[in-house]
Amino acid sequence: MSKQTVLGRVTQLAKANINALLDQAEDPQKMLDQLVRDYTANIAEAEQAIASTIGNLRLMEQDHREDVEAAREWGGKALAASRKADELRAAGSAAEADRFDALAKVALGRQLRSEQEAKAAEPTIAAQTEVVDRLKSGLDRMKEKLAELRAKRDELVARAKSAEAQNRMLDAVRSVDLLDPAGEIGRFEDKVRREEARAAGKRELAASSLDAQFEQLDALGDRAEIEARLAALKTGS
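In the working numbering, the protein residues as written are 231 to 467.
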């Protein structure tokens with residue numbers, strides 16, 4: 231994946247409006263789960279691409295430093311060769327002086343080439359540094375967005391569970407209302423009262439039968455006493 235592609239994707243995902251996406255989703259929780267997976271995968275992919283981009287930038291910076299150092303060293307060699315040439319020329323060794331001047335020119339040529347290479351790399355290094363900074367910033371925003379996505383998903387799941395629990399409770403309340411437990415209790419109370427009344431009736435009936443039997447016993451006793459007294463009268467006793 232190219233740097234442009236990484237930068238474009240990171241920028242797009244970092245700017246995503248989660249609330250707008252949720253408003254358009256038929257199943258927000260499913261959409262959030264998918265977004266979390268997508269963001270996680272894209273963050274991992276972006277991290278690898280950014281690491282590679284940073285690695286390339288560091289190599290360019292190292293090459294630039296080496297070119298700058300080489301230019302400094304070749305400049306020092308050119309200066310040393312030129313001074314040596316001046317010393318030899320002053321001593322009357324013109325041929326040797328010319329040879330060291332030639333060496334100084336070679337060193338100056340290499341210094342110039344190193345400076346040109348270092349200068350040519352600077353715009354690229356600057357551009358790559360800007361890209362890396364933007365990638366790092368976008369990656370940080372993506373990670374923040376991922377944390378926001380996870381928080382939204384957890385909030386949505388909690389709200390869904392709460393709503394489900396409330397609906398179960400309301401359904402239970404409606405079921406109780408439909409059953410009308412007060413009416414059921416009233417009917418049960420009427421049944422108990424009827425049973426109690428029937429038991430009272432049975433007791434009353436039983437009591438009436440016992441009274442009648444005792445009255446019959448009393449009547450028999452009275453007749454026996456009367457017969458006994460009549461017999462006594464007849465016998466004169």
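Glycine included, every Cβ here is placed at the ideal spot set by N, Cα and C.
With a 10 Å radius around the Cβ and a threshold of 16 neighbouring Cβ atoms, Asp328 comes out exposed. Less than 8 Å divides the Cβ of Glu326 from the Cβ of Leu318. For the region 245-329, the full-length alpha helix (DSSP H) segments reaching 4 residues or more read 248-254, 258-320 along the chain.
Residues Ala301, Trp304, Gly305, Ala308 of the same chain have their beta carbon placed closer than 7 Å to that of Gln341, with the five preceding and five following residues left out of the count.
By the neighbour-count definition (other C-beta atoms within 10 Å, threshold 16), Lys335 is an exposed residue.
In its chain, beyond the 5 residues on either side, Ala351, Thr354, Ile355, Gln358 have a beta carbon closer than 7 Å to the beta carbon of Met290. By the beta-carbon neighbour count (other beta carbons within 10 angstroms, threshold 16), Thr283 is buried. Ranked by Cα distance from Glu374, the options Ser312, Thr270, Gln264 are led by Thr270.
By the CB criterion at 8 Å, Ala348 and Phe330 fall outside the cutoff. Ala430 and Arg423 have their C-alpha atoms roughly 10 Å apart.
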